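Protein chains in written order, with my numbering: chain H, 5 to 159; chain A, 5 to 159. Contents: one structure, followed by commentary.
Number of protein chains: 2
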Amino acid sequence: MKNRDKALARLKETLETNGLRMTQQRIEVYLAVAASGCHPCVSEVHEMVRENLPTVSLDTVYRTLWKLSELGLVAPVSSSGDRVRFDAYMRRHHHFVCARCGAVYDFDSPSLDEIRIPEEAWSLGCVWNSHMELRGICLGCCNEGGGTEEGHAEG
Amino acid sequence: MKNRDKALARLKETLETNGLRMTQQRIEVYLAVAASGCHPCVSEVHEMVRENLPTVSLDTVYRTLWKLSELGLVAPVSSSGDRVRFDAYMRRHHHFVCARCGAVYDFDSPSLDEIRIPEEAWSLGCVWNSHMELRGICLGCCNEGGGTEEGHAEG
DNA sequence: AGTCTTGTTGAGAATTATTCTTAAGAAGTA
DNA sequence: TACTTCTTAAGAATAATTCTCAACAAGACT
Ligand SMILES: [Mn+2]
Ligand SMILES: [Mn+2]
Ligand SMILES: [Zn+2]
Ligand SMILES: [Zn+2]
Numbered sequence: 005m006k007n008r009d010k011a012l013a014r015l016k017e018t019l020e021t022n023g024l025r026m027t028q029q030r031i032e033v034y035l036a037v038a039a040s041g042c043h044p045c046v047s048e049v050h051e052m053v054r055e056n057l058p059t060v061s062l063d064t065v066y067r068t069l070w071k072l073s074e075l076g077l078v079a080p081v082s083s084s085g086d087r088v089r090f091d092a093y094m095r096r097h098h099h100f101v102c103a104r105c106g107a108v109y110d111f112d113s114p115s116l117d118e119i120r121i122p123e124e125a126w127s128l129g130c131v132w133n134s135h136m137e138l139r140g141i142c143l144g145c146c147n148e149g150g151g152t153e154e155g156h157a158e159g
Numbered sequence: 005m006k007n008r009d010k011a012l013a014r015l016k017e018t019l020e021t022n023g024l025r026m027t028q029q030r031i032e033v034y035l036a037v038a039a040s041g042c043h044p045c046v047s048e049v050h051e052m053v054r055e056n057l058p059t060v061s062l063d064t065v066y067r068t069l070w071k072l073s074e075l076g077l078v079a080p081v082s083s084s085g086d087r088v089r090f091d092a093y094m095r096r097h098h099h100f101v102c103a104r105c106g107a108v109y110d111f112d113s114p115s116l117d118e119i120r121i122p123e124e125a126w127s128l129g130c131v132w133n134s135h136m137e138l139r140g141i142c143l144g145c146c147n148e149g150g151g152t153e154e155g156h157a158e159g
């Protein structure tokens, strides 16, 4: 369990640095997102955490996720409205968003990583980071009923 | 009002092609988003439309926006969960998302436009389109209280 | 180990966002 | 004008998220 220990250490340090307490709830929530490998929504995190901490409330999961996000340990993933999802993979990477089921898949790309933020952007504000977002139909959805038909592709 | 007429023509043709009716509601909703120049959320569109069509219901705005999105006349903008926003600017462009107020700003970039979708991505599904998404603090938010402090920048 | 202080949590109410149901209303057609 | 069918308005119903507040428990200090 190397990753788990790393995550715990990172959590501990960050909480201490910010004068926050290391609670069971924060531990479980963070580990759940970190171990998930995907981009779970709040209720999915709630489910996962309940396996180890059966009485945790949904509200605590919300509060904790937003707190972890303030601390930079997780980041909210932009989805198409319905619900927030969180990502614990904080290194630079990119996203493929399925327009049908809403799932978000990570992918790495050396070529995309080299892209520099264009000057045009800095006139809008202070840029923290960037990533490429692809939209389309994921393999799962492709199989259960066409995915190539429409698409309104642009460039 | 060249743009307005263009938009109306596009709407008319698309609706006809798809056997849908050209109603006052659809006209006003589409023109509102197209003229806004920004990425309004549903209730903002509702407000705008009500100025010309005082009795339009919120539900109709929802229905119409999703229908226009099916038709490829507008597109839902991925935000951080809270609410859907729509974009009528369908040419290739990129987004700057303010992490504080949630506003989404467009920007064009010839250099970013040249980026090709990497092969890695096609193993995840059928890609329709792509855009670069920057996160940070917009000028407005920068002014009313620091925006440079934190940031959790990655690459 | 026991006590205190104060940040955290759980429960449930309260909000907000979005969708559903259904009967009345308006486009396009004959 | 009358008819058919697609659309809409209203309000109820869901789903998502936040708020309130008393009980709880981490960490600090005996
Ligand atoms: Mn990710
Ligand atoms: Mn845009
Ligand atoms: Zn999918
Ligand atoms: Zn802002």
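For glycine and all other residues, C-beta sits at the position ideal for the given N, C-alpha and C. Nothing here was measured: the structure is a model prediction, and the numbers come from that model.
Does ligand 3 have even one heavy atom less than 7 Å from the beta-carbon of residue i?
{"i": "arginine 120 of chain H", "result": "no"}
{"i": "glycine 129 of chain H", "result": "no"}
{"i": "arginine 104 of chain H", "result": "yes"}
Flag residue i as yes when its Cβ comes closer than 7 Å to any non-hydrogen atom of ligand 4, and as no otherwise.
{"i": "arginine 139 of chain A", "result": "no"}
{"i": "alanine 107 of chain A", "result": "yes"}
{"i": "cysteine 142 of chain A", "result": "yes"}
Quick one: grab the DSSP three-state call for residue i.
{"i": "asparagine 147 of chain A", "result": "helix"}
{"i": "methionine 26 of chain H", "result": "coil"}
{"i": "arginine 89 of chain A", "result": "strand"}
{"i": "leucine 138 of chain H", "result": "strand"}
{"i": "valine 65 of chain H", "result": "helix"}
{"i": "valine 60 of chain A", "result": "coil"}
{"i": "serine 83 of chain A", "result": "strand"}
{"i": "glycine 159 of chain H", "result": "Below a pLDDT of 50, predicted positions are generally treated as unreliable, and glycine 159 of chain H, at 32, falls in that range; the measurement from the model is reported next regardless. The answer is coil: DSSP assigns glycine 159 of chain H none of H, G, I, E or B."}
{"i": "glutamate 154 of chain H", "result": "In this prediction, glutamate 154 of chain H has a pLDDT of 44, which is less than 50 and means its spatial position is unreliable; what the coordinates show is noted afterwards. Three-state DSSP puts glutamate 154 of chain H in coil, outside helix and strand."}
Can we count residue i as close to ligand 1, meaning its CB is less than 7 Å from some heavy atom?
{"i": "tyrosine 34 of chain H", "result": "no"}
{"i": "aspartate 91 of chain H", "result": "yes"}
{"i": "histidine 43 of chain H", "result": "yes"}
{"i": "aspartate 110 of chain H", "result": "yes"}
{"i": "histidine 50 of chain A", "result": "no"}
{"i": "histidine 97 of chain A", "result": "no"}
Using the C-alpha atoms, what's the distance from residue j back to residue i?
{"i": "aspartate 160 of chain H", "j": "cysteine 105 of chain H", "result": "With chain H represented from 5 up to 159, any question about residue 160 of chain H goes unanswered, as that position is not in the structure."}
{"i": "leucine 77 of chain H", "j": "glutamate 118 of chain A", "result": "33 Å"}
{"i": "leucine 108 of chain H", "j": "arginine 30 of chain A", "result": "Contrary to the premise, residue 108 of chain H reads as valine rather than leucine in this sequence. Approximately 31 Å, taken between the alpha carbons."}
{"i": "threonine 27 of chain H", "j": "arginine 96 of chain H", "result": "29 Å"}
{"i": "glycine 144 of chain H", "j": "leucine 128 of chain A", "result": "9 Å"}
{"i": "aspartate 91 of chain A", "j": "threonine 59 of chain A", "result": "24 Å"}
{"i": "threonine 152 of chain H", "j": "glutamate 55 of chain A", "result": "Unreliable positioning characterises threonine 152 of chain H in this predicted model, as indicated by a pLDDT of 44, which lies under 50. The coordinate reading is nonetheless provided below. Roughly 39 Å between the two C-alpha positions."}
{"i": "valine 33 of chain H", "j": "leucine 15 of chain A", "result": "47 Å"}
{"i": "serine 83 of chain A", "j": "lysine 6 of chain H", "result": "34 Å"}
{"i": "lysine 71 of chain A", "j": "alanine 13 of chain H", "result": "48 Å"}
{"i": "proline 114 of chain A", "j": "methionine 136 of chain H", "result": "15 Å"}
{"i": "threonine 18 of chain A", "j": "glutamate 74 of chain H", "result": "44 Å"}
{"i": "alanine 103 of chain H", "j": "leucine 138 of chain H", "result": "10 Å"}
{"i": "histidine 43 of chain A", "j": "tyrosine 66 of chain A", "result": "15 Å"}
{"i": "valine 37 of chain H", "j": "arginine 8 of chain H", "result": "11 Å"}
{"i": "valine 131 of chain H", "j": "leucine 116 of chain A", "result": "16 Å"}
{"i": "glutamate 124 of chain H", "j": "phenylalanine 111 of chain A", "result": "7 Å"}
{"i": "glycine 140 of chain A", "j": "arginine 89 of chain H", "result": "18 Å"}
{"i": "phenylalanine 100 of chain H", "j": "valine 81 of chain A", "result": "14 Å"}
{"i": "leucine 62 of chain H", "j": "glutamate 48 of chain H", "result": "10 Å"}
{"i": "glutamate 154 of chain H", "j": "serine 40 of chain A", "result": "With a pLDDT of 44 at glutamate 154 of chain H, under the threshold of 50, the modelled position of this residue cannot be trusted; read the value that follows with caution. Rounded to the nearest angstrom, the two C-alpha atoms are 26 Å apart."}
Find the residues of chain H that neighbour residue i, judging by a C-beta separation of less than 8 Å, and give them in chain order.
{"i": "cysteine 102 of chain A", "result": "Gly129"}
{"i": "leucine 116 of chain A", "result": "Ile119, Pro122"}
So which residues on chain A does residue i lean against when the C-beta distance must stay under 8 Å?
{"i": "glutamate 124 of chain H", "result": "Phe111, Asp112, Ser113"}
Just to make sure I have the definition right: I need the residues of chain A whose C-beta is within less than 9 Å of the C-beta of residue i. Which are they?
{"i": "leucine 69 of chain H", "result": "Going along chain A, no residue has its Cβ under 9 Å from leucine 69 of chain H, so there is no contact; the nearest lies around 11 Å."}
Name the chain H residues whose beta carbon is nearer than 7 Å to that of residue i?
{"i": "leucine 143 of chain A", "result": "Leu128, Gly129"}
So which residues on chain H does residue i lean against when the C-beta distance must stay under 9 Å?
{"i": "cysteine 146 of chain A", "result": "Gly129, Cys130"}
Please confirm whether any heavy atom of ligand 2 lies closer than 7 Å to the CB of residue i.
{"i": "valine 101 of chain H", "result": "no"}
{"i": "valine 81 of chain A", "result": "yes"}
Review point. What residue ranges within the stretch 92 to 132 of chain H form continuous beta strand (DSSP E) runs of no fewer than 3 residues, ordered along the chain?
Key: Positions of the beta strand (DSSP E) runs, each at least 3 residues long and wholly inside the stretch 92 to 132 of chain H, are given as 98 to 102, 108 to 111 in order along the chain.
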